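Residue numbers (full-length UniProt numbering): 1 to 122.
Every residue gets a Cβ at the ideal spot worked out from N, C-alpha and C, and that includes glycine.
Since the structure is predicted, the reported quantities are computational estimates derived from the model, not experimental observations.
Some notes on the structure that comes next.
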Amino acid sequence: MNGVPEQHSPLSTRCRCEVRQGNARACIAVTGEIDLSNAEELARVVVDALRVHRPQRLRLDLDGVTFLGAAGARALLQGRIEADREGCALEIGSAGTRVEKVLALCGVRADPLPSGVRSGSV
1 MNGVPEQHSP
11 LSTRCRCEVR
21 QGNARACIAV
31 TGEIDLSNAE
41 ELARVVVDAL
51 RVHRPQRLRL
61 DLDGVTFLGA
71 AGARALLQGR
81 IEADREGCAL
91 EIGSAGTRVE
101 KVLALCGVRA
111 DPLPSGVRSG
121 SV
């Protein structure tokens with residue numbers, strides 16, 4: 001995505017979000033740890049991006065996420081539900097091995113990406 005970052009949202013001292021938008025698509029790049037202390041705020045960032053930017057496709061880039069707890073996985077599932085309501089396709093991009101395992105175990109990603117395979121960019 002070529003857009004200039006439109007929003008920096010510090011979820012906590014351990015996690016940040018950057019929202020980029022362009023051509024009916026938006027991307028939220030998340031870095032750090034997603035746990036009980038900031039999962040609700042992540043869900044709000046997703047909902048805000050859906051309502052403010054009205055994208056047809058929203059990609060969550062989790063490459064920079066070092067920890068994903070159950071509350072974080074739940075926030076991602078809530079984001080998917082909200083995206084469906086808004087008529088938006090939510091794509092969860094590639095993530096590190098540990099985060100991919102949590103995504104698969106919690107049902108956020110039905111088919112984990114094979115090792116070394118990265119999802120398409122927005």
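In terms of alpha-carbon separation, which member of Gly72, Val99, Arg80 and Arg59 lies closest to Leu36? Within the sequence shown, residue 36 is the residue found at index 36, counting from 1. Ranked by Cα distance from Leu36, the first of Gly72, Val99, Arg80 and Arg59 is Gly72.
Using three-state DSSP, classify Val19 as helix, strand or coil. By one-based count along the sequence shown, residue 19 stands at place 19. Residue state, collapsed to three classes: strand.
Give the DSSP bridge partners of Ala24, in chain order. On the sequence shown, position 24 is the one that residue 24 refers to. DSSP lists no beta-bridge partner residue for Ala24.
Would a check of beta-carbon distances place Thr97 closer than 9 Å to chain C? Looking for chain C here will not work: only one protein chain is present.
At 3 residues or longer, what runs of the beta strand (DSSP E) sit wholly inside the UniProt domain "STAS" (28–122)? 57–68 and 89–95
Ala89 and His53 - do their beta-carbons sit closer together than 9 Å? For the purposes of this step, residue 53 is taken as residue 53 along the sequence shown, with counting starting at 1. For the purposes of this step, residue 89 is taken as residue 89 along the sequence shown, with counting starting at 1. No; because the gap between Cβ atoms is not below 9 Å, this pair is not in contact.
Rounded C-alpha distance that separates Ile81 from Val46: Looking up residue 81 in the sequence shown gives position 81. Looking up residue 46 in the sequence shown gives position 46. If you take the alpha carbons of Ile81 and Val46, they lie about 11 Å apart.
Please tell me whether Ser94 and Glu86 are closer than 9 Å, where the distance is taken between their beta carbons. For the purposes of this step, residue 94 is taken as residue 94 along the sequence shown, with counting starting at 1. For the purposes of this step, residue 86 is taken as residue 86 along the sequence shown, with counting starting at 1. No. Outside cutoff.
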